[in-house]
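Heads up: the sequence shown begins at 442 in our numbering, then just goes up one per residue. Let me begin by presenting the structure, written as structure tokens, before commenting on it.
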Amino acid sequence: MKRFRILLIVTFLALGGFVWWSVHQTGGGDFSAFTQSNGLMQDNSPLKMTPKEELVVDLYEKFSPSVVNISTSFVTQDFFTSPVEQEGSGSGFVIDKQGDIITNNHVIDGARQIWVTFYDKSVVQAKVIGTDPTVDLAVLKVSISSEKLKPLVLGSSSTLKPGQSVIAIGNPFGLQQTITTGVVSALNRTLEDSSGQKMYNIIQTDAAINPGNSGGPLLDSGGRVIGVNTAIVSPSGGSVGVSFAIPVETVVRVAPSLIKYGHYEHPWLGIENADTLTPEISKQFDNAGLAMGIDHGVLLWSIYQGGPLDRAGLHGAIRFLRFGNTSFPVGADIITGVDGARLQSYDALIYYLETKKRVGETVQLTVMRNNQEFTVPVVLAVNPLNA
Numbered sequence: 442m443k444r445f446r447i448l449l450i451v452t453f454l455a456l457g458g459f460v461w462w463s464v465h466q467t468g469g470g471d472f473s474a475f476t477q478s479n480g481l482m483q484d485n486s487p488l489k490m491t492p493k494e495e496l497v498v499d500l501y502e503k504f505s506p507s508v509v510n511i512s513t514s515f516v517t518q519d520f521f522t523s524p525v526e527q528e529g530s531g532s533g534f535v536i537d538k539q540g541d542i543i544t545n546n547h548v549i550d551g552a553r554q555i556w557v558t559f560y561d562k563s564v565v566q567a568k569v570i571g572t573d574p575t576v577d578l579a580v581l582k583v584s585i586s587s588e589k590l591k592p593l594v595l596g597s598s599s600t601l602k603p604g605q606s607v608i609a610i611g612n613p614f615g616l617q618q619t620i621t622t623g624v625v626s627a628l629n630r631t632l633e634d635s636s637g638q639k640m641y642n643i644i645q646t647d648a649a650i651n652p653g654n655s656g657g658p659l660l661d662s663g664g665r666v667i668g669v670n671t672a673i674v675s676p677s678g679g680s681v682g683v684s685f686a687i688p689v690e691t692v693v694r695v696a697p698s699l700i701k702y703g704h705y706e707h708p709w710l711g712i713e714n715a716d717t718l719t720p721e722i723s724k725q726f727d728n729a730g731l732a733m734g735i736d737h738g739v740l741l742w743s744i745y746q747g748g749p750l751d752r753a754g755l756h757g758a759i760r761f762l763r764f765g766n767t768s769f770p771v772g773a774d775i776i777t778g779v780d781g782a783r784l785q786s787y788d789a790l791i792y793y794l795e796t797k798k799r800v801g802e803t804v805q806l807t808v809m810r811n812n813q814e815f816t817v818p819v820v821l822a823v824n825p826l827n828a
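This is the structure in structure tokens:
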């Protein structure tokens with residue numbers, strides 16, 4: 442029994458020493474910082490934030506007032522084709538003192554009414570002044586006191602590197618002014634929607650983005666907009682660490698036209714159907730007795746009559762030859778370069794036109810036909826599919 446009492450005393454002394462050490466290690470100072478209730482010990486003293494925490498808190502306090510909640514109402518049809526009103530939500534951010542707000546096109550597409558809620562709970566009705574489904578952007582206009590309009594500064598995504606810190610602010614599930622943090626996971630991703638429409642140069646991040654975040658800003662550590670949050674990859678519809686944002690360069694390129702004209706004119710070559718020519722595909726042609734003499738570029742299966750390529754004298758396949766289970770286009774022109782640069786893929790061609798060229802400008806296409814290479818100028822037209 443005596444040995445047991447000694448052991449018990451030693452145990453309490455050791456426990457007390459550990460608590461004293463823990464308090465001093467965490468900067469608690471002394472036991473006066475603690476309060477005790479129902480046998481529970483609580484430390485009410487403020488904890489010093491890390492520099493990273495201070496940065497995130499500062500960014501949130503400075504820039505969250507620029508982010509708005511977007512509420513929409515839609516009219517759909519039920520099983521009996523009767524009209525049913527539904528609601529949706531998303532995010533957006535102020536870009537100027539004139540009341541222009543950037544969001545995703547899919548947030549407001551088909552909306553009958555749109556309301557914007559600001560940081561101070563002010564609610565105003567908004568109207569759509571420009572949309573571009575191709576890049577999933579839209580611009581809304583609101584009429585409200587300029588004091589409530591706090592524009593964000595647009596930065597650049599061209600110098601981003603994987604691993605850089607990013608911050609997303611939005612309204613996931615309708616929860617206003619929510620901030621999440623993460624890093625740039627990857628760059629230059631390509632997204633394809635259910636209709637086959639592709640978006641290029643997309644930023645991938647692990648910052649949590651959930652339904653309702655769409656249209657909100659992705660910020661760098663300086664508080665500048667580097668992207669517009671647009672999509673997540675998740676079987677459940679919630680964030681699993683794979684989210685995507687439209688690069689701010691797309692906003693800079695498209696938004697002024699949406700504000701001024703209500704739409705953006707995408708440059709167009711008039712390609713109806715094309716494939717990327719790879720060494721593997723080239724070898725298949727060789728095996729079929731249709732040697733092409735090249736293993737890269739864009740193989741034109743078909744083009745639109747009256748389109749830019751047609752007017753420039755190019756053509757798609759003259760006929761098709763079936764070899765085994767594969768159909769081969771015979772006589773199709775192959776675009777191997779654009780403006781003096783070697784062309785590796787169809788996506789690379791479209792991305793170049795979207796980011797470097799405008800409607801009415803001329804591109805110099807290097808073309809392979811019958812194992813002979815030549816260059817032809819082509820004047821870009823407005824893409825009627827996006828008009």
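Heads up, the beta-carbon is just placed ideally off N, CA and C, and yes, glycines get one too.
Quick one: give me the first and last residue of the alpha helix (DSSP H) that residue i is part of.
i: V779; result: No alpha helix (DSSP H) contains V779, which is instead part of the beta strand (DSSP E) from I775 to V779.
i: P749; result: P749 to R752
i: T796; result: Y787 to K797
i: Q725; result: P720 to N728
i: V548; result: N546 to I549
Whose CA, out of the options, lies closest to the CA of residue i?
i: Q554; options: N824, K562, S563 and A567; result: A567
i: L830; options: I620, M809 and V819; result: Look at the range of the chain in this structure, 442 to 828, and you will see that residue 830 is not part of it.
i: I549; options: F534, I536 and S514; result: S514
i: Q618; options: Y702, F559, S587 and K589; result: F559
i: E834; options: G754, V576 and V693; result: No information on residue 834 is available, as it lies outside the stretch 442 to 828 that the chain covers here.
i: H704; options: S743, E713 and V692; result: V692
i: V525; options: F504, A552 and S532; result: A552
i: E528; options: I543, I511, I542 and D537; result: I511
i: T622; options: Q813, I610 and L628; result: I610
i: I650; options: W709, G531, Y745 and G778; result: G531
i: G571; options: V557, L593, I712 and D541; result: D541
i: Y501; options: E814, L659 and K602; result: L659
i: L593; options: K538, G734, K798 and E795; result: K538
i: T767; options: K798, Y792, A789 and L731; result: L731
i: S507; options: L699, G480, K562 and H547; result: K562
i: N546; options: G533, V823 and K489; result: G533
i: H707; options: M482, P487 and N827; result: N827
i: L699; options: E495, P574 and V509; result: P574
i: T631; options: S786, K591 and K589; result: S786
i: L628; options: A648, K602 and M733; result: K602
i: V666; options: K701, M809, F504 and E495; result: F504
i: D499; options: Q645, V624 and G663; result: G663
i: G747; options: V823, L578, A648 and T719; result: V823
For the beta strand (DSSP E) that contains residue i, what are its first and last residues?
i: I687; result: S684 to P688
i: F769; result: T767 to V771
i: P603; result: Here P603 belongs to no beta strand (DSSP E), and DSSP marks it neither H nor E.
i: K582; result: L578 to V583
i: P524; result: P524 to V535
i: P658; result: P658 to L660
i: T558; result: Q554 to T558
i: I744; result: V739 to I744
When DSSP builds the beta bridges, which residues end up paired with residue i?
i: L500; result: In DSSP, L500 forms no bridge with anything.
i: P878; result: Because the chain in this structure spans residues 442 to 828, residue 878 falls outside the shown range and cannot be described.
i: T646; result: V625 and S684
i: I570; result: Bridge partners of I570: none, in fact.
i: M640; result: L632
i: W709; result: A822
i: V516; result: E526
i: N612; result: Its beta-bridge partners do not exist; DSSP assigns none.
i: L593; result: Looking at the DSSP assignment, L593 forms no beta bridge with any residue, so it has no partner.
i: Q813; result: R810
i: R694; result: Its beta-bridge partners do not exist; DSSP assigns none.
i: G668; result: L659 and P688
i: L762; result: F769
i: T717; result: V739
i: D541; result: K582
i: V565; result: V557
i: V508; result: F534
Any heavy atom of the ligand ATP closer than 7 Å to the beta-carbon of residue i?
i: I650; result: Only the bare structure without any ligand can be found here, which leaves the ligand ATP out of the picture.
With a cut-off of 8 Å, does the C-beta of residue i fall near any C-beta of chain B?
i: L601; result: This model lacks chain B altogether, as it is built from one protein chain only.
Inset, instruction - Pair every Cβ in the segment 683-693 with every Cβ in the segment 635-645, then say whether three or more of these pairs are closer than 8 Å. - result: Yes, the segment 683-693 touches the segment 635-645.
Inset, instruction - Mind the definition here: the segment 583-602 touches the segment 650-657 only if three or more C-beta pairs lie below 8 Å; say whether that holds. - result: Contact annotation: the segment 583-602 does not touch the segment 650-657, with fewer than three C-beta pairs closer than 8 Å.
Inset, instruction - Give a yes or no on contact between the segment 605-614 and the segment 576-593, applying the rule of three or more CB pairs nearer than 8 Å. - result: The segment 576-593 and the segment 605-614 do not touch, with fewer than three beta-carbon pairs separated by less than 8 Å.
Legend entry - At least three beta-carbon pairs within less than 8 Å, the segment 723-735 to the segment 793-805: As far as the Cβ criterion goes, the segment 723-735 does not touch the segment 793-805, which means the pair count is below three.
Legend entry - Three-pair Cβ contact test at 8 Å for the segment 779-797 versus the segment 752-762: Touching, no, given that fewer than three Cβ pairs across the two stretches are closer than 8 Å.
Inset, instruction - Kindly confirm or deny that the segment 731-744 and the segment 760-774 touch, where touching means at least three C-beta pairs closer than 8 Å. - result: Taking one beta carbon from each stretch, the segment 731-744 and the segment 760-774 have 3 or more pairs nearer than 8 Å; the two touch.
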